[in-house]
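**Q** When you read off a place in the sequence shown, starting at 1, and then add 595, the result is the number in our numbering.
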Amino acid sequence: MAELAILLRDNSNASASVRLALKADQLSISVGKQPMQIPLPGASPIIMDLGSNRPSITVSGLADNIGMDTTNTTANAFFNMEKRTIQGQTYYIPYKNYLENQLIKFNTSTARNLQLELGDATTPDYSGSGTTASTGGGIYKVAIQQFQFSQMPAMEDRWTFSIQFVAQWREGIS
596 MAELAILLRD NSNASASVRL ALKADQLSIS VGKQPMQIPL PGASPIIMDL GSNRPSITVS
656 GLADNIGMDT TNTTANAFFN MEKRTIQGQT YYIPYKNYLE NQLIKFNTST ARNLQLELGD
716 ATTPDYSGSG TTASTGGGIY KVAIQQFQFS QMPAMEDRWT FSIQFVAQWR EGIS
């Protein structure tokens, strides 16, 4: 996965007002399924899978104490934050307090539009035509379930974070 390939934003890439590129070192996607098992006296149980599932995504990584680009002196919410142009849009690498503020605000004001883009989402699935293979990435609509910040001794200049999201199916799955 490319550097800074985990993008968190409050809408689509073109429409978002907050675009964050996370310094992630671990990502996990899991799906909890809920089949039913009906016990029968003296017989093997009946198993019924009605197709219900609950996707969740966990991202963990590092966030610096302060913004690391002192040349970014614009007087706005992104003061001193490093920035990258990704897919024609400006994404900011958040410092700890900014990320914490946004995670709280995302929970209360933008939950239905929050998107997490993982890796290269240009071709999440093989289309069956041509030679374009799947890129393995995807876009997920998410809501923040829980987040945590921690510090380790001798690393007081940065924080480790973990964010757990509940998610809808990846775009393209029907």
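Backbone N, C-alpha and C define an ideal beta-carbon position, used for all residues, glycine too.
Nothing here was measured: the structure is a model prediction, and the numbers come from that model.
Quick one, which of I624, V761 and G662 has its alpha-carbon nearest I688's?
**A** The option with the nearest alpha carbon to I688 is G662.
**Q** Residues in the same chain with beta-carbon distance under 6 Å from W754, minus the five sequence neighbours each way, listed in chain order, please.
**A** So the qualifying residues of the chain are A658, K691, F744 and Q746.
**Q** Check whether the Cβ atoms of I739 and R765 sit closer than 8 Å, and answer yes or no.
**A** No, Cβ-Cβ distance for I739 and R765 is not below 8 Å.
**Q** Tell me the DSSP bridge mates of D659?
**A** Paired residue(s): R753.
**Q** Decide yes or no for the touch test of the stretch 664 to 681 against the stretch 631 to 642: beta carbon pairs closer than 8 Å, at least 3 of them.
**A** Contact fails: fewer than three Cβ-Cβ distances are below 8 Å.
**Q** Of the choices D620, N708 and K678, whose alpha-carbon is the least far from that of V737?
**A** The shortest C-alpha separation from V737 is found at N708.
**Q** Could you work out which residue in E695, A600 and T665 is closest to T680 when comparing CA atoms only?
**A** When only C-alpha atoms are compared, the closest one is A600.
**Q** With DSSP as the reference, identify every bridge partner of G733, one or two as the case may be.
**A** In the DSSP output, where bridge partners are listed per residue, G733 has L713.
**Q** Tell me where the beta strand (DSSP E) around S625 begins and ends.
**A** Counting along the chain, the beta strand (DSSP E) containing S625 begins and ends at K618 to K628.
**Q** Given this structure, state the Cα-to-Cα distance separating F742 from L635, to the nearest angstrom.
**A** In a straight line, the C-alpha of F742 is about 42 Å away from that of L635.
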